[in-house]
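Here's the structure we're looking at; comments come further down.
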Amino acid sequence: MIPSKSLKIMASRMLGSKIALRSDYGPFIGGAKFIKGEGTPLPVESPSTCSNITTVSTPSSAQIASTLDLAQLTFDSGVWSRSSALSRSKVLAKLAVLLEEKVPELAEMESLNTGRAVRELKAQLGRLPDWLSYFAAVLRTTEGTVMPTEGEILNYVKRQPLGVVVQIAPFNHPLLIAVKKIAPALAAGNSVIVKPSELTPLTLLEFGLLATKAGIPDGVLCILPGEGRTVGKELVVDRRVKKIDLTGGTETGRVIGAIAGGNLASYTAELGGKAPIIVFEDSDLQNAVNGVCFASFVASGQTCVSGTRIIVQDSIYDEFMAKLKEKVASIERRMGDPLNPLSSMGPLISRPQLSKSEGIVASSLAEGLTVECGGKRMNGPSPLDGFDLGGGYFFQPTVLSGDGVVGSKVWKEEIFGPVICVSKFSDEADAIKKANDCDFGLGAAIWTSNGARGHRVAGLLDSGLVWINSHHRNDPSSPWGGMKDSGIGRENGMEAYRSYTQSKSVIMNVASEEKTRANDDWFSDSKLDVRYG
Ligand code: NAD
Numbered sequence: 001m002i003p004s005k006s007l008k009i010m011a012s013r014m015l016g017s018k019i020a021l022r023s024d025y026g027p028f029i030g031g032a033k034f035i036k037g038e039g040t041p042l043p044v045e046s047p048s049t050c051s052n053i054t055t056v057s058t059p060s061s062a063q064i065a066s067t068l069d070l071a072q073l074t075f076d077s078g079v080w081s082r083s084s085a086l087s088r089s090k091v092l093a094k095l096a097v098l099l100e101e102k103v104p105e106l107a108e109m110e111s112l113n114t115g116r117a118v119r120e121l122k123a124q125l126g127r128l129p130d131w132l133s134y135f136a137a138v139l140r141t142t143e144g145t146v147m148p149t150e151g152e153i154l155n156y157v158k159r160q161p162l163g164v165v166v167q168i169a170p171f172n173h174p175l176l177i178a179v180k181k182i183a184p185a186l187a188a189g190n191s192v193i194v195k196p197s198e199l200t201p202l203t204l205l206e207f208g209l210l211a212t213k214a215g216i217p218d219g220v221l222c223i224l225p226g227e228g229r230t231v232g233k234e235l236v237v238d239r240r241v242k243k244i245d246l247t248g249g250t251e252t253g254r255v256i257g258a259i260a261g262g263n264l265a266s267y268t269a270e271l272g273g274k275a276p277i278i279v280f281e282d283s284d285l286q287n288a289v290n291g292v293c294f295a296s297f298v299a300s301g302q303t304c305v306s307g308t309r310i311i312v313q314d315s316i317y318d319e320f321m322a323k324l325k326e327k328v329a330s331i332e333r334r335m336g337d338p339l340n341p342l343s344s345m346g347p348l349i350s351r352p353q354l355s356k357s358e359g360i361v362a363s364s365l366a367e368g369l370t371v372e373c374g375g376k377r378m379n380g381p382s383p384l385d386g387f388d389l390g391g392g393y394f395f396q397p398t399v400l401s402g403d404g405v406v407g408s409k410v411w412k413e414e415i416f417g418p419v420i421c422v423s424k425f426s427d428e429a430d431a432i433k434k435a436n437d438c439d440f441g442l443g444a445a446i447w448t449s450n451g452a453r454g455h456r457v458a459g460l461l462d463s464g465l466v467w468i469n470s471h472h473r474n475d476p477s478s479p480w481g482g483m484k485d486s487g488i489g490r491e492n493g494m495e496a497y498r499s500y501t502q503s504k505s506v507i508m509n510v511a512s513e514e515k516t517r518a519n520d521d522w523f524s525d526s527k528l529d530v531r532y533g
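Going letter by letter, the sequence shown gives residues 1 to 533 in the working numbering.
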């Protein structure tokens with residue numbers, strides 16, 4: 001592989017902000033710079049202006065193969081995989097500090113690349129060092145196990161890393177999701193190859209450089225930007241890969257799952273969602289409306305736990321809808337330059353995503369549903385700051401309703417845009433039935449002032465995550481993952497750490513030599529009652 005000649009920093013004055021974008025982004029295999037990828041170059045767009053902001057070089061097939069070789073060789077060398085837990089913990093703790101220092105810069109870069117409001121990203125990326133610190137602490141506090149085996153036996157269980165693991169990330173939370181996966185995988189001692197989304201590779205590549213500074217040895221963390229159907233596919237089919245960890249759409253999850261199954265690789269898949277939010281009549285209505293808007297419109301609805309099916313008790317439906325429309329109008333009034341700290345919501349990531357939101361509104365109208373508010377692509381200057389909304393993929397926050405909403409297309413399909421639908425329910429059983437009427441089972445929320453009801457209903461929802469009077473709370477210690485078509489396996493916490501390890505059971509006979517001779521000779525010609533197994 002050819003190392004790039006220089007690391008040129010260009011100051012990019014975009015959208016009134018100064019963001020340092022490098023001119024040489026490309027595959028990262030360790031060290032202090034990127035290598036020059038020999039595959040098809042990847043143009044990177046800003047969805048708020050539909051303009052190219054940089055180009056990233058991607059690896060050729062030969063470079064992908066040599067990265068896999070390097071990752072395997074590095075794993076086998078033991079430089080990281082057999083280093084002490086304490087030394088890995090120290091490196092991860094240092095990486096947490098370096099990342100914290102860089103969060104403001106990375107948040108602006110991610111805002112430029114994803115179009116998400118910078119306020120959101122400052123808050124989201126500000127949490128990321130916690131994931132590295134948490135897994136650094138896991139390494140210092142995890143204890144081994146001695147099994148209660150029968151007889152004069154000492155049986156202890158060690159956990160070892162898996163080997164080379166591949167992680168595939170989506171576009172919507174580019175750094176958050178990658179760091180959620182990288183932290184436990186590195187803590188466990190694996191060699192990690194990450195493929196960011198082709199749409200949003202920049203901040204993860206910057207993270208790679210920080211990893212080197214923190215002391216991660218070359219070849220332990222590699223980042224290969226590129227398309228899923230080329231770079232992603234060539235990584236996941238390699239039989240040396242011991243685990244694949246994907247966050248992406250359900251269809252992608254099925255395709256990669258079949259490959260992982262064929263190769264007997266471990267598999268974690270964090271896939272699509274269609275989160276229900278149940279609002280009971282005894283909830284604090286304004287808090288519920290605020291919570292629904294946060295759930296539905298943060299990241300322009302492009303989150304896997306986006307609250308998209310709002311299920312409201314019929315006795316409060318009219319009041320809820322009036323308050324919801326008022327709040328949605330205020331969000332729309334404050335949409336502008338995503339880099340403006342006052343901006344409330346950004347554009348969609350791409351033209352296909354914009355078309356999907358436009359298409360679902362059209363098909364909902366054809367199904368007889370009502371557009372309560374929004375429903376259109378935005379044009380003209382922003383009322384907030386004059387930003388040209390028509391120049392990007394901005395779509396109005398949109399609320400649909402109607403008698404036929406349950407079971408309609410917008411009820412069933414993941415849209416991944418700021419389009420939600422609202423339906424009514426009569427009693428608790430009806431609310432649970434409607435909430436569970438879906439192929440997905442990732443996030444769900446319940447708004448109620450009755451604690452017992454909150455816990456009772458939470459227990460009956462087919463969702464891996466249930467928030468009561470809240471939404472989208474996430475923590476390095478808290479399991480994250482879906483039921484049904486939303487995936488398999490869990491991120492975060494000890495479950496994630498263990499999923500990046502495998503157990504080794506070491507069993508030693510501790511009986512004296514005399515006792516062993518007397519009791520353990522299976523083929524003894526005089527004694528038949530000898531232990532077996
Ligand atoms: P996507 O499925 O299009 O792509 C995800 C990643 O998979 C990308 O890096 C892509 O290049 C790669 N990929 C695609 N096909 C591949 C293949 N055949 N082999 C290897 N790699 C391949 O998803 P997206 O549009 O980037 O992200 C949105 C989806 O992600 C939504 O469905 C959303 O719900 C889901 N998501 C889930 C969670 C969760 O925690 N469950 C979190 C965020 C996003």
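Glycine residues also receive a C-beta, built at the ideal position from the N, C-alpha and C atoms. Bear in mind that the values here come from a model prediction, so they are computed numbers and not experimental data.
Out of E332, S57 and G489, the CA that lies nearest to the CA of A117 is found in E332. With contacts defined as CB atoms closer than 8 Å, V410 and I349 fail to qualify as a contacting pair.
Going by beta carbons, S296 and I446 fall outside the 8 Å limit. For L92, the CB stays at least 7 Å from every heavy atom of the ligand NAD.
Pairing I488 with Y134 gives a Cβ-Cβ distance that is not under 8 Å.
Judged by the Cβ position, C222 fails to qualify as a neighbour of the ligand NAD at the 7 Å threshold, every heavy atom of the ligand being at least this far. Sequence-distant Cβ neighbours of D403 in its own chain, meaning closer than 6 Å and more than five residues away, do not exist here. By DSSP's assignment, D245 forms a beta bridge with Q167 and T268. Distance between L98 and A214, taken at the CA atoms: about 7 Å.
Contact check between the segment 222-232 and the segment 197-205: three or more CB pairs, one atom from each, fall below 8 Å, which counts as touching. In this structure, the straight-line span from the alpha carbon of K327 to that of G307 is close to 15 Å. Listed in chain order, the non-local C-beta contacts of S283 below 7 Å within the same chain comprise W447, T448 and S449, local neighbours out to five positions each way being set aside.
Between the segment 243-262 and the segment 158-170, the count of C-beta pairs closer than 8 Å reaches three or more; the two stretches touch. In the DSSP assignment, the residues bridged to S191 are V164.
Not one heavy atom of the ligand NAD falls within 7 Å of the beta-carbon of W467. Taking 8 Å as the cut-off, the beta carbon of I244 is found no closer than this to the beta carbon of A211.
Scanning its chain for C-beta atoms nearer than 6 Å, with the 5 sequence neighbours on each side dropped, one finds around S401 the residues T370, E372 and V422, in chain order.
Under the three-state reduction of DSSP output, C421 falls in the strand class.
Set against 7 Å, the gap from the CB of A169 to the closest heavy atom of the ligand NAD is smaller. Per DSSP, the unbroken alpha helix (DSSP H) holding R333 starts and ends at Y317 to R333. Judged by beta-carbon spacing, A32 lies beyond the 8 Å limit of L162, meaning their Cβ atoms are not closer than that value.
V157 and S111 have their C-alpha atoms spaced approximately 45 Å apart.
In the structure shown, N290 falls within a helical segment according to DSSP collapsed to helix, strand and coil.
For the pair I415 and G273, the Cα-to-Cα distance works out to about 9 Å. Across the structure, C304 and L271 are spaced so that their CA atoms are roughly 7 Å apart.
For D388, the three-state secondary structure derived from DSSP is strand. Linking R473 to N519 through their CA atoms gives a straight-line distance of about 58 Å.
Secondary structure remark: continuous beta strand (DSSP E) runs of at least 3 residues inside the segment 39-70, in chain order: 42-46 and 51-56. In terms of Cα proximity to L42, the closest of I182, I35, V56 and K94 is V56. The DSSP-derived three-state label of E372 is strand. Counting of Cβ neighbours within 10 angstroms places W522 among the exposed residues, the total staying below 16. About 35 Å separates the CB atoms of I193 and V146; that is not less than 8 Å, and the two are not in contact. In the structure shown, the three-state DSSP call for T149 is coil. Less than 8 Å divides the Cβ of K434 from the Cβ of F425. Per DSSP, the beta-bridge partners of T501 are P161.
Within the same chain, Cβ atoms closer than 6 Å to the Cβ of A431 are found at I278, I311 and F425, the five residues on either side in sequence being excluded.
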